[in-house]
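Everything in the sequence shown is counted per my numbering, starting at 589 for the first residue and increasing by one. A quick write-up on the structure given underneath.
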Amino acid sequence: MEDILRVVPADDVVNFEQSSLLTVTVQSTGYYRDREFTVEEQLLTSRSKFFRKAVNDNGGGIVTLYDADCDVFRKYLSLVYRNKLPIHPGFAIKSEEDKATMSDQVVEELLDIYLLAEQIEDTTAKNSIVTYLYKTMGHEPLAHHPSGRVISGFYNGIFTSDNKCRKLLVDKRLFWAGSDYHFHDIYQLFADYPPEYMRDLLARALNQTDQLKSHAKLAFELGEYLEDTEED
Numbered sequence: 589m590e591d592i593l594r595v596v597p598a599d600d601v602v603n604f605e606q607s608s609l610l611t612v613t614v615q616s617t618g619y620y621r622d623r624e625f626t627v628e629e630q631l632l633t634s635r636s637k638f639f640r641k642a643v644n645d646n647g648g649g650i651v652t653l654y655d656a657d658c659d660v661f662r663k664y665l666s667l668v669y670r671n672k673l674p675i676h677p678g679f680a681i682k683s684e685e686d687k688a689t690m691s692d693q694v695v696e697e698l699l700d701i702y703l704l705a706e707q708i709e710d711t712t713a714k715n716s717i718v719t720y721l722y723k724t725m726g727h728e729p730l731a732h733h734p735s736g737r738v739i740s741g742f743y744n745g746i747f748t749s750d751n752k753c754r755k756l757l758v759d760k761r762l763f764w765a766g767s768d769y770h771f772h773d774i775y776q777l778f779a780d781y782p783p784e785y786m787r788d789l790l791a792r793a794l795n796q797t798d799q800l801k802s803h804a805k806l807a808f809e810l811g812e813y814l815e816d817t818e819e820d
């Protein structure tokens, strides 16, 4: 179903005049060269505390985003402007291993965008990623739980144990319907996944014995994994 046209207040307008545009310089880590993006200032400052503060401090015009990936930022802008993420690999699935590889690739890119949204303090973007994970994990294109490599990368970027997306990944594993490609061997599980994730998993399992027996559904509704936005 297509999105329904919404009539909004007259001041809720995107201004494409030159004076309203913001240049974002993304200074990437590693060997990637810096890139400049021209975006509508109000669109970013209305969502991101980082950009709002940077524009206020610098007087607008140019903002530098350090330690970020240009490709991830480009996809983040696609989420902001189009509510779409061009991350589906689109290759032919010939085996269960192919399915797991595709699932890993998609969820890794989703989590990379989540980590960027965490860095720039865009709660709306984080909630969009969490909602997609909540509704899609266990189905194509996220038919398999993330591998230890993907989980490790995410845990390395999240420093608070009460993070909502981190909680979702743990709960999704506990209430996964049936066996999974990445979890065929419990000994391999301990070897491949980060210790913090395993602690989260075991602690959650001890608190959810009855629900684990039923193996039916997540312990909570979607709202339990979403962060409050400034509008709430």
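Ideal Cβ placement from N, Cα and C applies to all residues, glycine included. Small disclaimer: the values here were computed from a predicted structure and weren't measured.
Enumerate in chain order the residues of its own chain whose CB-to-CB distance from residue i is below 6 Å, with the five nearest sequence positions on each side excluded.
i      : result
Phe661 : Val614
Asp700 : Val660
Thr724 : Leu730
Ser740 : Pro782
Val643 : Thr633
Glu629 : Ser608 and Leu610
By a C-beta neighbour count over all protein chains shown, 10 Å radius and 16 as the cutoff for buried, is residue i buried or exposed?
i      : result
Lys682 : exposed
His727 : exposed
Ala656 : buried
Asn751 : buried
Leu542 : Here the chain has residues from 589 to 820 only, and residue 542 is not among them.
Glu697 : buried
Leu756 : buried
Between which residues of its own chain and residue i is the CB-CB distance below 8 Å, once the five residues before and five after are set aside?
i      : result
Tyr743 : Arg754, Pro782, Glu784 and Tyr785
Met709 : According to the sequence as given, residue 709 is Glu; it is not Met. Taken in chain order, the residues that qualify are Ser636, Lys637 and Phe638.
Lys672 : Ser666
Glu818 : Thr711
Check whether the Cβ atoms of residue i and residue j lie closer than 8 Å to each other.
i      : j      : result
Ser749 : Asp692 : no
Val627 : Leu609 : yes
Lys792 : Val758 : For the sequence presented, residue 792 should be read as Arg rather than Lys. In contact: Arg792 and Val758 (Cβ atoms closer than 8 Å).
Tyr722 : Tyr813 : yes
Leu789 : Leu762 : yes
Ile675 : Val694 : yes
Can you name, in chain order, every residue of its own chain whose Cβ lies under 7 Å from the Cβ of residue i, other than the five neighbours on each side?
i      : result
Tyr769 : At Tyr769 the pLDDT is 46, less than 50, meaning the model places this residue with poor confidence and gives no usable figure here.
Ser658 : The sequence given here has Cys at residue 658, not Ser. Here the set comprises Val614, Ser616, Tyr620 and Arg623.
Tyr702 : Lys714, Ile717 and Cys753
Leu704 : Ala656, Val660, Phe661 and Tyr664
Return yes when at least one heavy atom of the ligand ATP lies under 7 Å from the C-beta of residue i, else no.
i      : result
His676 : Looking at this structure, you won't find the ligand ATP or any other ligand, since it has none at all.
### Query
How about the stretch 634 to 645 and the stretch 703 to 719: do they share at least three Cβ pairs that are nearer than 8 Å?
Yes, the stretch 634 to 645 is in contact with the stretch 703 to 719.
### Message
If we require 4 or more residues per run, which alpha helix (DSSP H) segments fall completely within the stretch 722 to 794?
### Response
Runs found: 736 to 745, 752 to 762 and 774 to 780.
### Task
Give, in chain order, every unbroken run of the beta strand (DSSP E) that is at least 3 residues long and sits entirely within the stretch 613 to 694.
Here the runs fully enclosed are 623 to 628 and 650 to 654.
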